[in-house]
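Chemist:
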Amino acid sequence: MTTGLLAGVDVGGSKIAVRVTDGDLRMVGRLVVATAVGDPQAAVGQVADAIHTTLRAADRRPADLEAIGVGVPGRVDPEAGVVTLAVNLGWHGLALGPELGRRFGVPVAIENDVKAAAAGLFARGLAGGASDLAYLGIGTGISAGVVLDGRLHRGPRGLAGEVGHLVVTEDGPMCACGLRGCLEAVASGRGIAAIAEAEVAAGTPTALAPASTPASRTRRPVSAADVYAAAATGDPLAMRIVADAGRAIARAIHGLVMSYDVRSVVLGGGVTGAGEAFLAPVTAGLDLLRAASALAREALTHDIVHLLPPDADAGAWGAVVLARDAALPARVTAALAPATGRPVAAAEVRSP
Ligand SMILES: [Zn+2]
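Residue numbers (the working numbering): 56 to 407.
Below is the structure:
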């Protein structure tokens, strides 16, 4: 057991979630605040303030902290603790780890948010306790974190699991990366919203289109949640969009299983908050693959996909686990060894 407290911080495009636990991951306090996008230095201060506020509310002091973990939506250099590029936050080359380390005087681990979430799911024994799993985060964008043999698989450039830019439909919509028909362009929150907006603008009949009144000029844009809600009520356009998204996600799940032989694919992120309306088209997409291929049937077992509940907080939990690993690599090494069947070097655990 660690003696101090662990702070996990999940930095998102719109909010910062903080979770403080004791060394055995028992909750001490939590907080969610809005994100300041754009000014990196202000953002460092905001993350620090959020940790201070959470500690104060739990009647604890910064001196009680043993380590901090931070998950960030973007590319990171975990060795240096630097956020290389987080487009949605406007962060470029931000030395978040060293900055927070200087302020709090404790080890700080930085990781991509989805990769951190995947490592956290494994460390907490979720997803059926599988030591080979993928976490597919479906929110504003899409990416996966892959845990193989109990270790987060990053790849030399940290690109492992960036399945949002797999091309799933050749003549699909343009993606921000420059390709056409990427998974992210078809099935992410931003992608679904953009497809719906384009159809509405083109005059496709749908409940998503506002009545042509002056008020419609100031209406808020269609969101992915709107599209899933409309699909659930039988709107034909919305049903087509979510069916396309479900098929694309099913192909990505198939791709993850065939690439890595993971025993579990966990789905989470904002878009999955639509629940059954989200999951049903994915299941239909998986069934199409299973019906067409004996190999796909063997690979895509019926217990392979897990949908996280909306309050799972996988990102913040992943960040807490990063903090735990940063605090006591030796303890984690001992804890991981039986699960992986071979020793894990402390350095590997510190920077998963
Ligand atoms: Zn792309």
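Heads up, the beta-carbon is just placed ideally off N, CA and C, and yes, glycines get one too.
Values in this document were obtained by computation on a predicted structure and should not be read as measured data.
On the DSSP letters alone, give me the boundaries of the beta strand (DSSP E) that V297 sits inside.
Modeler: Taken as a continuous stretch (DSSP letters only), V297 belongs to no beta strand (DSSP E), being part of the alpha helix (DSSP H) at P291 to Y315.
Chemist: Roughly how many angstroms separate the alpha carbons of P364 and D94, rounded to a whole number?
Modeler: Distance between the alpha carbons of P364 and D94: 32 Å.
Chemist: Nearer than 7 Å: is that true of the beta carbon of A240 relative to any heavy atom of ligand 1?
Modeler: Checking the Cβ of A240 against ligand 1 gives yes.
Chemist: Assuming V169 contacts L188 under a Cβ cut-off of 8 Å, what Cβ separation, rounded to an integer in Å, is found between them?
Modeler: Not a contact, Cβ separation roughly 13 Å.
Chemist: Here's a check: name, in chain order, each residue in its chain whose Cβ is nearer than 6 Å to the Cβ of A242, leaving out the five neighbours to either side.
Modeler: Here the set comprises A300, A303 and I304.
Chemist: If we ignore side chains and look at the alpha-carbon of each, how far apart do V326 and V127 end up?
Modeler: Rounded to the nearest angstrom, the two C-alpha atoms are 18 Å apart.
Chemist: Taking the DSSP output, what are the residues bridged to N167?
Modeler: Bridge partners of N167: V127.
Chemist: Mind checking whether the beta-carbon of H220 lies closer than 7 Å to any heavy atom of ligand 1?
Modeler: For ligand 1, at least one heavy atom lies less than 7 Å from the Cβ of H220.
Chemist: Three-state secondary structure (DSSP) at G323?
Modeler: Three-state DSSP puts G323 in a strand.
Chemist: For C237, which beta-bridge partners are listed by DSSP?
Modeler: Answer by DSSP bridge pairing, in chain order: V222.
Chemist: Does DSSP classify I71 as helix, strand or coil?
Modeler: Three-state result, I71: strand.
Chemist: Is A382 closer than 8 Å to G63 when the C-beta atoms are compared?
Modeler: Not a contact, by the Cβ cut-off of 8 Å.
Chemist: How long is the line joining the alpha carbons of A287 and E239, rounded to whole angstroms?
Modeler: Distance between the alpha carbons of A287 and E239 is about 22 Å.
Chemist: Specify, as a first and last residue, the run of the alpha helix (DSSP H) that A189 falls within.
Modeler: No alpha helix (DSSP H) holds A189; the beta strand (DSSP E) holding it covers L188 to I193.
Chemist: Confirm the yes/no value for this check: CB of L234, any heavy atom of ligand 1, distance under 7 Å.
Modeler: L234: yes, Cβ under 7 Å from ligand 1.
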